[in-house]
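Structure record follows, encoded as structure tokens.
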């Protein structure tokens, strides 16, 4: 016995030590160790840094293969189109095989693509390698999904801003590093990008844990049964926690449209600001680069210090509206003179882009659950990538007419995003309420933070249940169309409220209702009707006697009759109380029972 106690104590100590070491963030708010989240930010930074290192030298590298300006543009467009086309596949893999597996696959693919570009021997080979690299450029989207998985909703705004800051920081330093590496050869930045991706692959493989939300979704559900029902089958055969295909598509469309408008405005400004500054103010590349660095610095500072506070103050919808408004005002100011106003407008637009990007990403993440998170966030990024493709095309065409028109186009798309956000507020509010009501779906307990949560169904689930009930009533000869109102009353009586005081009380009430229904099925309708009518007669006799007593009858015989009938009515009431299924079933049946 002493040895058993020592072994038990040792086991408890081991479990406690494992819990302490594997505990999430020290503040108790993350579902993984804080170092894992920091590692994801580093991975996103290095991946974006690798891409931005090779961006400035790519046109000069393509010139070595006698590429035209149109062909140089095709290199960038091919990458963006391949990236957009591969996102559904990466989203599917992320849901099926895990966030960590897709991140590992993407880093390996990016490394292979970078080495291929660096060793290309012709323009055709370079173009194909750009397409191949674009297919695996999904690290940023997977990082976003991972952050949404492990960070609770109340802190997602902060961490999404940090993630955007890591991207902006890479864009800030990457071009300069690439320009310095180009002195070693135009292929050197591409080779360095490949080496960085190989390093990231090793880091992901050795140190990044899988998302607990994904693991929970794909692990067997609790075998604990409820109310005598069969236990749930393992996931993913049971997918009851999702919002449904229809709602998911609405979320993708709403946030994808916002991302599209913001990205078109951003690319319209970024792609044509250098041309506008050179023609209007005669700025050279050094001064233009300095101005764009100011914009990048303002964006990084906004993501770190301003965006989280704005999101906490105004919420995702309000922050998105503020971001679009700043983009609109900044775009208009860029097209104004003098130079100081244009530079101020450029920085203001970058701040608006930073706030809007964080707000849209956080809003999309808060609209997801573990079943559709990758689909929603990847889908919105697809439309954002489409904006990155169309933005330079639109601004380039209108700039041939007037160099100020790209900023007018940016203001127009910012206005469209502003209107879209306003129009989507009622829909998104309804989806938020639906999502909040489904936090306990698939769990063994209906309580969350000590509070009862009533579950709401999606439109598909409501349709499925209604179809089942209608088919059941039809096949069992209930004239539910003719007696629709009476049937609704009957169903209401058959399903009285269940106790929500505690989980045990809820389970006990459910079991008792279920037993009463089963016992009631053993009695014929005629037996139920007979008991009900007898009780009505006894109660009517009791009411008559009490009325006589109230009228002043005091004779002994009358008093004995009252006592006798009163006792008889009390016994009948007790019998009725014992058969509570009569109470529940008869009121509703009285309206249409004779037609069954």
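Numbering (UniProt numbering), first residue to last: 1 to 596.
By construction, the Cβ of each residue, glycine as well, lies at the ideal position given by its N, Cα and C atoms.
This structure is a prediction, so every number in the text was calculated from the model and none was measured.
{"query": "Stretch-stretch touch, CB-based, cutoff 8 Å, three pairs: the region 43-57 with the region 200-217", "result": "yes"}
{"query": "Helix, strand or coil at residue 452 according to DSSP, with G and I counted as helix", "result": "strand"}
{"query": "Contact set for residue 148: own chain, Cβ-Cβ below 7 Å, skip 5 residues either direction", "result": "156, 365, 368, 373, 377"}
{"query": "Proximity of residue 84 and residue 357 at Cβ, strictly below 8 Å", "result": "no"}
{"query": "Residue 178 vs residue 56 beta-carbon contact at 8 Å", "result": "yes"}
{"query": "Outcome for residue 336 when other beta-carbon atoms lying within 10 angstroms are tallied against a minimum of 16", "result": "exposed"}
{"query": "Residue 253 versus residue 424: straight-line alpha-carbon distance, rounded", "result": "10 Å"}
{"query": "CA-to-CA distance, residue 288 to residue 275, given in whole angstroms", "result": "9 Å"}
{"query": "Limits of the unbroken alpha helix (DSSP H) element including residue 207", "result": "188-207"}
{"query": "Separation of residue 332 from residue 422, as counted between CA atoms", "result": "21 Å"}
{"query": "Residue 65 and residue 126 closer than 8 Å at C-beta", "result": "yes"}
{"query": "Continuous alpha helix (DSSP H) stretch holding residue 502: start and end", "result": "Premise fails: residue 502 is in no alpha helix (DSSP H) and is neither H nor E."}
{"query": "Segment contact flag, the region 404-423 with the region 297-308, C-beta cutoff 8 Å, min 3 pairs", "result": "no"}
{"query": "Residue 61 burial status per 10 Å Cβ neighbour count (16 or more: buried)", "result": "buried"}
{"query": "Per DSSP, cross-strand counterpart(s) of residue 407", "result": "Paired residue(s): none; residue 407 is not in a bridge."}
{"query": "7 Å CB neighbourhood of residue 189 in its chain, flanking five on each side removed", "result": "53, 54, 57, 178, 181, 182"}
{"query": "Where residue 447 falls: helix, strand or coil (DSSP)", "result": "strand"}
{"query": "Cβ neighbour criterion (16 or more within 10 Å) applied to residue 468", "result": "exposed"}
{"query": "Status (buried if at least 16 other CB within 10 Å, exposed otherwise) for residue 381", "result": "buried"}
{"query": "Between the CA atoms of residue 123 and residue 428 - distance to the nearest angstrom", "result": "47 Å"}
{"query": "Three CB pairs or more closer than 8 Å across the region 265-279 and the region 128-142", "result": "no"}
{"query": "Residue 477, DSSP secondary structure in three states", "result": "coil"}
{"query": "Buried or exposed by the 16-neighbour rule on C-beta atoms within 10 Å, applied to residue 323", "result": "buried"}
{"query": "Span of the alpha helix (DSSP H), counted from its first residue to its last, around residue 605", "result": "Residue 605 is absent from the model: the chain starts at 1 and stops at 596."}
{"query": "8 Å Cβ cutoff met for residue 247 and residue 498", "result": "no"}
{"query": "The ligand GTP heavy atom lying under 7 Å from the CB of residue 108", "result": "The ligand GTP is absent from the structure shown, which contains no ligands of any kind."}
{"query": "Where residue 68 falls, given that 16 or more other Cβ within 10 Å makes a residue buried", "result": "exposed"}
{"query": "Of the listed residues 444, 193, 72, 496, nearest to residue 110 (C-alpha basis)", "result": "193"}
{"query": "Rounded straight-line distance, which links the Cα of residue 457 to that of residue 187", "result": "56 Å"}
{"query": "Alpha-carbon spacing of residue 310 relative to residue 352, whole angstroms", "result": "11 Å"}
{"query": "Beta-carbon separation (whole angstroms), residue 265 vs residue 80, contact threshold 8 Å", "result": "Contact doesn't hold; Cβ gap of about 16 Å is too wide."}
{"query": "Check whether residue 363 and residue 273 have beta carbons under 8 Å apart", "result": "no"}
{"query": "Buried or exposed (CB count within 10 angstroms, at least 16 for buried), residue 251", "result": "buried"}
{"query": "Cα-Cα separation between residue 244 and residue 343, rounded to whole angstroms", "result": "46 Å"}
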